[in-house]
Each structure stands twice: as C-alpha cells, then as structure tokens.
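K.L.:
This is the structure, below, for whatever I ask next.
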Amino acid sequence: MTVGMTHFLILSALLFCIGLYGLLVKRNLFSILMCIELMLNAVNINFAAFNYFLPMPDLSGQVMMIFSITVAAAEVAVGLALIFRIYHDFATVNIDKINNMKG
Amino acid sequence: MNDGIFTVMFYLAAIIAVTAAWGVIYCKNLVHSALFLALCFIAVAGLYALLNADFLAAVQIMVYAGTVVILIVLGIMMTRRVSMDRSNVMEKSSILGAAVVSLLLLVCLLLIFLNVSFVDSAVNDIQDTVGALAQLLLTHYVLAFEIAAVLLLSAMIGAIVLAKGADEK
Amino acid sequence: MEQFALTHAWLIPLVPAAAFAIIGLFLQNFHKLSAAIAILAITFGFVMSLGIAGAVFNLGITVDAPFVQRIEWIKIAGLQFDMGVIIDPLSVLMLLVVTLVSLLVQIYSVGYMKGDKGFGRFFSYMSLFSASMLGLNISINFVQMYVFWELVGLCSYLLIGFYYYRIPAREAAKKAFITTRIGDFGLLIGILLLQMLFGTVDFIQLRQVIPVYLMANGAGVLTIIGILLFMGPIGKSGQFPLHVWLPDAMEGPAPVSALIHAATMVVAGVYLVARAYFLFASLPILMNIIAWIGAFTAFFGASIAFSQHAIKRILAYSTISQLGYMMLALGVGSLTASMFHLMTHAFFKSLLFLCAGAVMHAVNEEADIFKMGGLRRKMPVVFVTMTIGVLAISGLPPFSGFFSKDAILAAAAHVSMPLYLIGIVTAFMTAFYMARLLFLVFFGESRQKEVHKVSRFMQLPLIVLAALAVVSGLGGYVYNFGDWVRFGPPVVEHMDWLLASTSTLLSLLAFVLAWNIYGSKRWSSDIIAKKLGIIYTITFNKYYIDEFYALLCRIFIDGIGKIMYFIDLYIIDGTVNAVSALVLLFSKLLSKFQTGQVQRYAAVFVCGVVILLLCTIMYLDKVNGVLAAGGAF
Amino acid sequence: MDFPLLTIILVIPLLAVGLLMFIPPSSFKSVKVVAATAMCISLGLTIYAYVTYDSSIGGMQFTQSIPWISDLGVSYSVGVDGISLPMLFLTNVIGLAAVFSSWNINVRPKEFFILLLILITGVMGTFVACDLFIFLLCYELVVIPIYIMVIIWGSTKRVTKEYAGMKLTIYLLMGSAFMLVGVVALYLQAFPAELRTFDIAALSNAHLYGTLSQSFQIIVFFLLLLGFGTLLSMFPFHTWSPDGYAGAPTAVSMIHAGVLKKIGGYGLIRLGLLILPAGAKFWAPLIIILGLANVIYAAYIAIVQKDLKYVVGYSSVSHMGYVLLGFAALNTISLTGAVANMVAHGIMSALFFAVIGYVYEKTHMRSVDQLRGIAHQMPRISVGFMLAGMSSVGLPGLIGFIPEYTIFLGLFKVYPFLAMLAVSGIVFTAIYILRVLQKVLFGPRDYGLDKYKDAKGAELVPLFLLGTVLVLFGLFPQLLMGVINSGVAPLGPFLQELNNVPSLLVTLGGIW
C-alpha cells in the first residue's frame, strides 16, 4: 500500500491527539504551550498533505501553512509574555493555582 | 521521487515524530520535553520535505525547531525555581478523563479519514516552490500577507508590553 | 373714537397682558413704575370700554345682533378654533364693570400694598388677571372662554398665594385651584361633547344649531351636556357643593378679595351661563337645577355668614350667597335681573372688601370682628362708605342692591313660591349679618389704641365705589337696563311694590334685631348662641363640609394612592425583581460549572468537537459523493 | 434637496465628539463650550428646517438617500415629515438644554459630554431615519451611553444608581429585542426575497399588496407594541421610568423623559400604524385600556410620592398615557394630539428635571419633606417649576393644553365613556402637581436653605429656552399643530378605511 493522503491524515490525527492529551494532563504552563505547538504542527501537516495530494494548480496550501506558522509564532510570543506576567503576579506557572475566573 | 524511498522516509519520519511527541508529554523533566519537541518539529520538517514543501521545511526548522523551542527553553530557565527533575509531571487525577477525550477524538478522526476515499492520483509537483509561493503571496494573498505582518507587529508590541508590565511604567 | 374702540376691542385684554409681561420680566423691583404701568394699562381698557359702550348705544348693537371679530387660532384637519371678540351689551357690561373695578382696586392697592416686598409682583399678577378676565368677557366660543377661564383660575391661585410664605395662604391657593379644577373637569367634558355633537363651540353658530337639534332629538343629551357645563360655574362661582375654596381664598390681600373673589372672577360662572343662555334656557330640567342650586347656595352661604367671626370670611360667605342669587335669577329665566345684580354686587361687594381691607390695615391685620369696635370716629371715610355698602347689600332703597335684588325676587316669585321664600329669607339674613358686621366693627367702645391712617390712594376708590353703589341701581332702573342686557325680547321692568316693600321691611327688621344684639348689646349674643346650640355650632363650623371633604380626600386620594403605590412597588415591580432574582439564581447555578480550570474548559470544548465530528460521520456518504464527483469542498 | 441639511444636523454633534477627543480632560470650560456650540448650531439648523418646511405640501422633505448594504436593501436615507420634524426639533431643544443644565458637572466632564452628544445624535437619528435599519441602529446607539452615564454620574436615593441604570438598560434592551423580532419578521414577510428592503415608505405600502396577512399584522404589531410600549412606559411596563429617572443624572433624565420615551410613541405611529394598520386597529382597545391605566394609576401613585424625581417620573408615565390614548383612538385629531402631546410633555418634563436637577445639585435634597419654601432662596428656579407644573396641569396658554384637548376630542369620538375617565386625569394631575409645588416652593422661609444660591449664568439657559418654547407653543399652538397636521392629515382616508377592520373587541365578542 503506497503512502497516500490517508496516511498523512492519520499521522496528523495521532499527533494532534497526543498534543491534546498533553494539553489536558499537564499543569505546567510551558508544557501546555508546547502541546499547543504540537497540535498546530499536526494541522500544518494536513495542509501540506492536501496541497500535495489533491489536484490543485498552485501552492495555496503552503501559503496557508505560512500564515499558520506566522500565527503560531505570534501566539508563542504572546503566550510566553503572558506566562511571564502570570509568573510575575502569581509566582507560579502551575495552571491549577490560576483560577481567578472560578464562578 | 521514488515510491519506495518515499514510503520508507514517511514511516521513518512518522515514527520519529510520534515517538518524540509522546516523549514531550511523557518526560518528567521540562527541559527534556522541550528537546523532544525540537526533535518532533525536525521530523515534521522532514515530512514537509517529502510533500514537496522544501521552503516550508526550512521555515519549520528555523522557526519551530530553532526559535520557538529555544524561546520556550529560555522561558523555562527564567521561571525556574527548584530542580527540573519533577517539573513536568502529569496530573494523575485528570489522566483518565484526558485519555478518554483524546481517544474519542482520535477514533472519530480515524473513522472519518478511513472512510473518505481521496483521489490521490495527481501529485502537485511544482519545482520552484519559493518562486511560486512568492508569486502567490504578493498577488492573490497580498492582503492576508499584510494583515499577517500587522499581526506579528502587534503581537510583538503586545508581548513586550505584557512582559514588561504595563503598570510598572 | 367709537368706531376705533369697537374694531380694536381686542386691545383691551392685550394691553394689560403686555403690562404683565413687561412688569413680570423687567420691572419687578421698580415699584412705582410697575404700578403706573399696570394702572395705565387698565385705564386704557376702561376708556376703550367706554368707547365701545358708546358704540353699542349709537350703532344699535344688541344681544341679538352682536359685533364679532375673529382670528384663526388653530386649524387642523377636522378641527378649528378661533379667538375673537364678541361685542354685545352683555359683554360691554362686563367690560365696564371689570375695567372699572379693576382700575379702582389697583389704585387702592398702591396704598394698600405699600412697603410690601412683592409690590411689583402684585401688579404684574393684577395685570395678568385683568387681561384674562377681559379676554374671558369677549370670548366668542367655549374654547376661548375655557382658556381664559383657566387663566383667571391661575391668577386667582397666584394671588391667593401671594403671601406665599404663609402656610394658610399657600394651602388656600392649592385648595382654590383644585376645587375649581373639579368643576372645570365637567366643563371641559361638556365642551368636548358639544364640539363632538355640533362640530363647533362657537356661541353664534351654536345659537343657530341648538334649536334645530332640540326639535329633532329632544333635550336628553343636551341636558347632560348642560349639567356638565354647569359644573364649571359651580366651581368657579363658589356654588354649593364646590364653594369651599372661596372663604379660604380670603388669605389673599384684600384688594385681591375685592377684585377677584367678589367682583369679577367669581361671576365668571354667572357670565358663562348668561353667555350660553340660549343653551341653558332651552333645557327646563337644567334651569330648575340651576335655580335650586342658586337658591340653596344663597341660603346656605348666608346661614354660615351668620356665625363667622373673621371679617373677610363673613364677606366671603356673603359673596357665595349673592352669587347664589345670581344663579337663582338665571335659573328662573331672568338674565336681566342676574346681570343687573352682578353689576351692583360688583360695586358694593368690592366696596365692602376694600373697606374691610382698610379696617384690617388700620388695626394691624386683626380679622376678628369681636375684637374690633368703635372705629367710626377714627376712620370716618371708611365708616361712611362701608355703611353705604352694607345698606346696598341689604337691599334698602334707594341703594343699588334694592333694585337688583328686588328684580331677582320678582322673577323668582313669578316662577316658584318656594324659591321666592328662600330668597326673601336669605335677604333678611343678609341684612342681619351685614348689620352685625357693621355694628361690631364701627360701634361700641373702641378696643384699639392705635389706628393706622388710611392713605389717599385707598380713600379715593372707596368714595367712587360708594357713589356707584348708590346710583348704579337707580341708574339701571331709570335707564331700562333690561332693554339692553336681556335674553329674548326686551321686557319693561316695573317694580312689584308689594314684593319690594316686603323685603325692605324685612331688612329693616333685621337691622333692628342686629342693633339690639350687637349695637346696643341689649341682648347678649353669647346667650343667643347658646340657645341656638347645635345649629350655631354647625353653622359656625360651616356644616363640617371642609372636614368631610378632607376625609373624602384622605380616603379616596391618599388612601387609594397608597394602595396603588403598594401595588406598583410590590406587585408589578416585585414581579420584575423576582424575575431578575430568578435569572440571578440560575446564573449562580450555572456559574458553578465555571471552575476557572482552563483545561476543563478545553476538555468540554473537545467534547463539543467530537459531537460535531459524529454528525459529520453520519453524513460521510454525502461527502464521498461530492468527492467522487470530482468536486472540491 | 441638494443641501444635506439633516445629515449635517446629525453629524455636527459627532464632529463635536471628535473634537472633544482632542481636548485635554482638564480643560472643563472648553469641553462645555464645544458641546454647547455644537448643539447651538444643530438647533439653529433644525429651526431653519422647521421654518422652511413646507406644510402645505407635507410629506417627507429634506430627504437624502445613499444605498448602503444593497444586498439587504439597506440604505442610509433620512427625511422629515410633519410627525418627525417636531420630534427632531424637540430633541435639539432638549439636547441644548441638557448640555447647559450639565454645566456644573466636574466629574469627568469630557466623557460626560461625549456620551451626551452621542446620545443626542442617536435620538435624532431615530427620528430622521427613513430606513428601518438606520432606525434600529440609532436606537441601539442610544442605550449604551445612558447606562454608562447613569452608573457614573447618577445619584442614589431610594434605589442605588447601579440598580437604576441596570433596570433602565435591561428594560430598553428587552423592549428592543421584541421590536427586533417584529421588524425582522416584517422584513422577511413584506416582500419577496429579491425585493426586500428596509425602506419605511416601501414597507408602509406592503399591506396594500396583501403580503401582510391580518393575523401576521396582529402578531407583529403585538411585538412592536411590547417594544415601543416598554419604551413609552406603558402600564405595566412602566416601573423602569421612575426608578431610572431617580437614579439618572439631570441631563439623562431630561433627554430620556423628554425625547427618548417619545421614540416609543413615534415608533408606534410610524411603524406600528402605518405599516401594520390592521394590527394597530386590532390592539387599539387594549392600548386604550392600558393608556387609561397609565393616566389614572400613575397619577394616583404620583400623589403619594415624596421624592421630586419620582413625582415627575410617575407624572411622565401618566402623561404618556395620553399619548397612548391619542394613538389608539385612531383618528386624525387624536393622532395630531398624540404627537403634539409628545412634544409638550417632552418640553415640560425636561424643564421639570432641569429645575429638580438644580435644586438637587445645590442642596442635595429632593424630598418634598425636606425642601420647603425655596421660592425665598431661588425665585428663578421657582418660576421654572411653576411653568413646568402649570403646563403639566394643562393650563391654557402653555404648551400642555391644546394637545390634551385634541386627544380628548379624538377619544370622545370613539370611546366617549372611557374618554370621560381620561379627562378626570386633569384633576389628579392638578392634585399632585400642586401638592408638590406648594410644599416645595411656598411656605415660611427655611433659614437652613439660605446658603444655597439661585440659578445663574449658564444655568438659566435651559430655563429660558424651555420656558420660551412652553409659552410660545402655548400661545400660538398653530406653530406646532400646523406642522403636525401636515403629517397627520393625509392619513385621514387611510384611517377612515380602518373603520371596517375588526378589532380585539370583535374577536372577544365572537368568543363570547
């Protein structure tokens, strides 16, 4: 069986779910940030795969990946800044301690 | 590209990526996780290269494996207080729930992916990807491109303001 | 001159109105100037009225052929109101009386109000009142009349409450306004119904359509309208049961009482009935009601005046009683007698009030007649003029009251004996209480050490009014008042000497009685009061009507108001607040789900995604179909 | 019309808002001057429009229309006719008065005046809009500034200002939610998909094409009635009004009672009656009953109130009852009266709130029990009180009389017995107004109040402006009635046709 679209999709699904699992079980903000990056990457793989395997005349999929990476980079920057802020204010990076929005 | 090599390379990269991803969440030491993340990103870059996205593979390595991971590690350093040994443990109480949710999602996704029959005969085989990308970015996607630029700028400013602390003047 | 006056009659109310605006806006603090402007304005009105009177005599304007001018005030689809001027002997009479009395009272006020801080304000209100009253006199339709009717009510309110820092004054002002408002409520409904029924409220037009309507439809609806309309005069002219405001209105300065609450405004009700006599006269039931209310009020007012102590209150109840006479005259069908009495009453009653004002002014605002006495030596001018006034109101010949009252009694005797009897008893009572007043104040030993002098400004009007109180009746009789001011064909008045002598005798009897009790003190008034016992107490307390109304008001206004407020606060608003509390409760419940744990939120979010994906799975074959057809998403 | 007069009138306050942004918040004086100047210009232009409006032609004038979202049939289109022009005039007069009555605001004046100008613009927008979408847009624009202003600059007495602000806002939003549902249903139903439009004139013709069935009209009108009725403080949705006014700062009370409420009546006529005539006719008996309840019930409550703002609050509920009655009598005379009464009540309640605001600002007292004899210390304010009170009582010669008279007359033609009840309102009004006037203004001098000064300088502008309008329109009612008549009179035949449409009573009779 040749490697096709489905393989890539399954791989990305796997990566995505691992990232999700990490996101849900970890308590360290950095760790959560890393998991999010993992999930974003999983999505990007899909873009690349669609662009490659589907009949498409140009590289629109890859352009989308560029935007996605841009957004991810911005997100990391802001996310890290937020973590610093939180660390500064709460003296912790453990997400359980940060529940001011509790109803 | 040869089909056989393609297959081998795919599986190789895939196994590395999944293992590294698992490593990211399995490691108890945060720094180790970060290193696994870098490995995972490199493997994904390999996948990109396989999919005729060589420019993006380079970007992936530069931005993710290079910058992002390093940034994260730096951040970890700056907020470190005690030993890194048990800095990244899983919360025991939420493992079950998280596993269920993730597996559910996985099953759903797999169900969909396995049941959709894609026609993957044609292969997008543009050689000059950098040129083609540049062409697209500056013509059809120019507005989005500019907006992305503004987004980055504002993210940068926002990050600086946030990290510096607005109330400290 | 006559022609000019006739065609420029609209200037008569307008000039005092301008005076009001000028004084009110700019000249409040320039006392002399404001008085001068006000008096000049009303003098202008008086001169113009004289000119118009001349025109009416010379140009043959009669009640059947009035001179009318009109200008459009409002015109919208289906509705038009004019403002205008109607000149006929009726309105000319009113114009003359109002301008003359107003002029004299204002001159008097220059002396009376001297040194008061609100001098300018007083004259501005007086000008506004004159303007409104004159506007009312020349009204060509009900709406115009209602407009000015309300405006004179406003002036009355302002002037009763002129000493606004005194609590009784402000309460009296409120009472006056609200009580007359109740009457106006009926009047307004009546006008609305007329407008609806006939599409017009113009006197001239109504006069033509109403007989036609009566022929076709009978008197039923019109009688109801008439009763509603008559509620206005009941309120404004202090008829029973809405008379309660008038005695309290004496809290205003004496000139105000003289002008507004004796001579002019309170007769507006009489004038309204007279003006719309074509309507009232054609409704026999209504005429009966008017006559009986008038007669009852006449008797009722006199019976209270019997036992009062405050000088102006006695005069106020006397006014109520005399207004009752006028209504009685209207009710028995004699417009002439009513208007005749209106004129003479305006002169002698304002004279009496001004005298009372002068007396009170002289004795440091003391109002109780039992605390006065022996003033005839100290203020001879006032004594003489007041005596003339008392004789006039008591109906002794040859003073004016004799002729007018006799005309009313004669008219009543023609229609109904009971009414006549009430009238004649009232006449006796009137003579008695007026004599009582006179003897107590001016005879007996003096109780005041110091008496303030009466200034020239105050004396002159007294003398002029006294002269008028003497001659106006005789003049009217000699010059055939009834030829001019009449309804229907002119009637030749001739004295019914039997009736006249009866009433004269009764009045004399009353004087003798009063002299024995209050003048020579032969019979003690206290013992008489005791003997009369309960009757005396009841009349002294004005039949407890005020208390009764206060009770009604507490129950039906405050009581219901409180209940309504309770409903509003706890039932309507309570429901609203309960709903909001319910929402709040629900949101508190829901907010328990908000743990603040971001990861929980993420897990829930993913669950949502899973559900969406499950939906996608259900439609998977469709997706495949699209893909197989070669289509892109 | 080439010269976009109405647009300029609308834009001037917004320009002032723009200008205010650049003024440093510390320069109180210039903030106020800018706001006042803008409103002066706006009022001047409105008076120009009022004078040049040709009542002999009638209809929409000074129109301007620019397509905006053509897919939805939305266009920026404005214009005024005999019904909306007086309302526009009213808005500007009260707007200017509100600016001047806030002259002593020293807490964040810049923000206050920015919000005030936005509020005024929003209200003006609803009146000049010829497009339903613009109408709704402007209406929603109004709600938010009010909330902020009540919360920040309001006052707490019986209820806290937060409660008052919340109540006001939620009621208005609830009302507008119903209204929105109705409007969307109307929009979808009136025309087939490709012809859909928000143009009010086009929608007003929709019932002629038969696309709006009678039952549809009845339902949608009910939704609109809920929305506009809430806004108009129709019984039993009126309790926001006294509480809200009590909590709100002076300017907001003035604008809210003076003009914002009138959007309810205006909307009922412009949208309810003209677009959904059968619905209006169907619900008219109910509106009459509720209007009567407003008139008498609220008057009764006003009698027992102690707080001046509550008295005026309930009094405004009571007066709005007349508007409802005038509307529901459905003839030209009563409709003219209803519109005129909106103007009359707007002016008088604005004057009331202005003087109460002054008294409160100086003495921090608002209770009838505490204030007594202020005519000694504040004669000018007392004159304002008297004027407002007397026109509220319906004294001829002031603005209140003719509108009430025409409403009564119109109502008598339809429901004579209910009309008699309505007329009794004039007695109740006299009772509560005079009770307040005599207690607060008159009586012995209270030396404790001697330290408070009478209104002076800029504070006199609202008194003078509103007082002038009160007297002017009272003495020469044709100035007002003529313009309104040009808007209402053409509806005559239209209303005549409505006589044959069944009303609620017929339905109820059928059930019986």
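Order-wise, the sequence lines are chains A, B, C and D. Counting with the numbering used here, you get residues 3 to 105 for the letters of the first sequence. Counting with the numbering used here, you get residues 26 to 194 for the letters of the second sequence. Counting with the numbering used here, you get residues -1 to 631 for the letters of the third sequence. Counting with the numbering used here, you get residues 3 to 514 for the letters of the fourth sequence. We put the CB at the ideal spot given by N, CA and C, even for glycine.
(1) Taking 7 Å as the limit between beta carbons, can you name the residues of its chain near PRO88(D), skipping five residues before and five after?
(2) May I ask you to verify whether the stretch 226 to 242 of chain C touches the stretch 69 to 78 of chain C, counting CB pairs closer than 8 Å and requiring at least 3?
(3) Would you mind giving the Cβ-Cβ distance between SER336(C) and ALA327(C), rounded to the nearest angstrom? I have them listed as a contact below 8 Å.
(4) By the DSSP assignment, the beta strand (DSSP E) with GLY375(D) in it spans what residues?
(5) Compare the C-beta of VAL608(C) against all C-beta atoms of chain B and say whether one is closer than 7 Å.
(6) Between LEU129(B) and GLU116(B), what straight-line distance do the alpha-carbon atoms span, to the nearest angstrom?
(7) Determine the chain D residues that contact GLN193(C) at a beta-carbon separation under 7 Å, and present them in chain order.
(8) Would ASP60(A) pass as an interface residue toward chain B - the criterion being a Cβ-Cβ separation below 7 Å?
(9) Taking the alpha-carbon of LEU394(C) as reference, which of MET377(C), TYR323(C), LEU472(C) has the nearest alpha-carbon?
(10) Which value, in whole angstroms, describes the spacing of the CA atoms of ASN139(C) and ASP80(C)?
(11) Tell me the rounded alpha-carbon separation between LEU468(D) and TYR360(D).
(12) Going by beta carbon distance, what residues of the same chain come within less than 7 Å of ALA360(C), once the five residues before and after it are set aside?
(13) Should ALA300(C) and THR428(C) be called a contact, given that it needs their Cβ atoms to be closer than 7 Å?
(14) Determine, using beta-carbon pairs with one atom in the stretch 455 to 467 of chain D and one in the stretch 33 to 46 of chain C, whether at least three such pairs fall under 8 Å.
(15) Name, please, each residue of chain C whose Cβ falls closer than 8 Å to the Cβ of TYR247(D).
(16) Can you tell me the Cβ-Cβ gap for ALA7(C) and ILE202(C), rounded? I've got them flagged as a contact below 8 Å.
(17) Just verifying my parser: in three-state terms, what is the DSSP assignment at PRO147(D)?
(18) Short check: CB of ARG168(C) to CB of ALA432(D), under 7 Å?
(19) Cβ of LEU11(A) less than 7 Å from any chain B Cβ?
(20) I'd like the list of long-range same chain contacts for MET256(D), defined as Cβ closer than 7 Å, with 5 residues on each side in sequence excluded.
(21) For the putative contact between VAL297(D) and SER320(D), defined by C-beta atoms under 8 Å, what is the C-beta separation to the nearest angstrom?
(22) Which word fits ASP86(C), buried or exposed, when buried means at least 16 other C-beta atoms lie within 10 angstroms of its C-beta?
(23) How would you list, in chain order, the residues of chain B whose beta-carbon sits under 7 Å from the beta-carbon of ILE71(A)?
(24) Taking C-beta pairs closer than 9 Å, name the residues in chain A that ALA626(C) reaches, listed in chain order.
(25) Pick out whichever of GLN63(D), GLY293(D), LYS112(D), GLY84(D) has its Cα sitting closest to the Cα of ALA38(D).
(26) Would you say PHE631(C) lies against chain D (beta-carbon separation less than 7 Å)?
(27) Would VAL242(C) pass as a contact of LEU157(C) if the rule is Cβ separation under 7 Å?
(28) Among the candidates MET324(C), TRP482(C), PHE351(C), VAL357(C), whose CA atom is the shortest distance from the CA of ALA408(C)?
(29) Below 8 Å between beta carbons is the criterion; list the residues of the stretch 559 to 572 of chain C that meet it against any residue of chain D, in chain order.
(30) Under 7 Å, do LEU411(D) and LEU190(C) count as touching if we go by C-beta distance?
(31) For SER14(A), I'd like the list of residues in its chain whose CB is within less than 6 Å of its CB, leaving aside the five on either flank, ordered along the chain.
(32) Any idea what DSSP makes of GLN67(C), helix, strand or coil?
(33) What does ILE72(C) touch in chain D if you count any residue whose Cβ is under 7 Å from its own?
(34) Check the Cβ of THR614(C) against every Cβ in chain A and list those closer than 7 Å, keeping chain order.
(35) Less than 7 Å separating the beta-carbons of MET36(C) and MET124(C)?
(36) Taking Cβ to Cβ, would you say ILE315(C) is nearer than 7 Å to ALA296(C)?
P.N.:
Quick answer:
(1) VAL341, VAL345, LEU482, VAL485, ILE486
(2) no
(3) 4 Å
(4) Taken as a continuous stretch (DSSP letters only), GLY375(D) belongs to no beta strand (DSSP E), as it is neither H nor E.
(5) yes
(6) 20 Å
(7) LEU411
(8) yes
(9) LEU472(C)
(10) 8 Å
(11) 15 Å
(12) MET377, VAL449, HIS450, VAL452
(13) yes
(14) no
(15) The premise fails here: TYR247(D) is roughly 14 Å from chain C at the closest Cβ pair, so nothing lies under 8 Å.
(16) Contact doesn't hold; Cβ gap of about 16 Å is too wide.
(17) helix
(18) no
(19) yes
(20) ILE96, ALA99, ALA100, SER103, ALA352, PHE355, ALA356
(21) 5 Å
(22) buried
(23) VAL84, VAL88
(24) Those do not exist, as ALA626(C) stays about 14 Å from chain A at its closest Cβ, beyond 9 Å.
(25) LYS112(D)
(26) Only weak support exists for where PHE631(C) lies, its pLDDT of 46 falling under 50; the value from the coordinates is given anyway. No, PHE631(C) lies away from the interface with chain D (no Cβ there is under 7 Å from its Cβ).
(27) no
(28) MET324(C)
(29) GLY559, LYS560, MET562, TYR563, ASP566, ILE570, ASP571
(30) yes
(31) ALA44, ILE47, ASN48
(32) strand
(33) ILE404, PRO479, GLN480, MET483
(34) Ordered by position in chain A, no residue passes the 7 Å Cβ test against THR614(C), which lies about 14 Å from the chain.
(35) Position check: residue 36(C) holds Ala in this sequence, whereas Met was assumed. Their beta carbons are under 7 Å apart, which means ALA36(C) touches MET124(C) by this criterion.
(36) For clarity, residue 315(C) is Tyr in the given sequence; the question names Ile instead. No. Outside cutoff.
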